[in-house]
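The opening residue of the sequence shown carries number 44 in this note's numbering; numbering runs sequentially from there. Heads up, the beta-carbon is just placed ideally off N, CA and C, and yes, glycines get one too. Just so we're clear, the structure is a prediction, and the values are computed from it rather than from any experiment. Here's the structure we're looking at; comments come further down.
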Amino acid sequence: MTDVTIYTQALCGYCTAAKRLLTSKGANLTEIDVTYDPEKRAAMRERAGGKNSTPQIFVGDTHVGGCDDLFALDERGELEPLLAS
């Protein structure tokens, strides 16, 4: 299964929902908390094409986007094949 990197911040319900879905799929998560770390947030922004909101989710090197994007991917049946690649 492909590794997943998720950039999060404290008290983010969308981050919690995304982590819950990914965990239910058996994903190997690496969580990077950007709450109080401007350098990590800047790295997230650069990697996510300028997006500053959390979560920002990457499956391998593929930028999935945020929580809504992740759930849409799952609804289309495309999340599990991506995780398996």
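Residue i to residue j, Cα distance in whole Å?
| i | j | result |
| --- | --- | --- |
| ILE75 | ARG63 | 15 Å |
| LYS136 | GLY120 | The requested residue 136 does not occur in the structure, where the chain is confined to residues 44 to 128. |
| LEU125 | TYR79 | 31 Å |
| GLY56 | ASN95 | 16 Å |
| LEU54 | ALA91 | 21 Å |
| LEU122 | LEU113 | 8 Å |
| THR59 | MET87 | 18 Å |
| ASP46 | GLY93 | 22 Å |
| THR66 | PRO81 | 27 Å |
| GLU89 | MET44 | 25 Å |
Kindly indicate which three-state DSSP category residue i falls into: helix, strand or coil?
| i | result |
| --- | --- |
| LEU116 | helix |
| ASP111 | helix |
With distances taken Cα to Cα, identify the nearest neighbour of residue i among the options.
| i | options | result |
| --- | --- | --- |
| GLY103 | VAL77, LEU72 and ASP112 | LEU72 |
| VAL77 | CYS110, THR66, GLN52 and LEU65 | GLN52 |
| SER128 | THR105, CYS110, THR48 and GLY109 | THR105 |
Could you name the residues of the same chain whose beta carbon sits closer than 7 Å to that of residue i, not counting the 5 residues immediately before and after it, in chain order?
| i | result |
| --- | --- |
| VAL107 | ILE100, PHE101, LEU113 and LEU116 |
| LYS68 | LEU122, GLU123 and LEU126 |
Minimum length 4: unbroken alpha helix (DSSP H) runs contained in the stretch 54-85: As far as the stretch 54-85 is concerned, its whole alpha helix (DSSP H) runs of at least 4 residues are 56-67.
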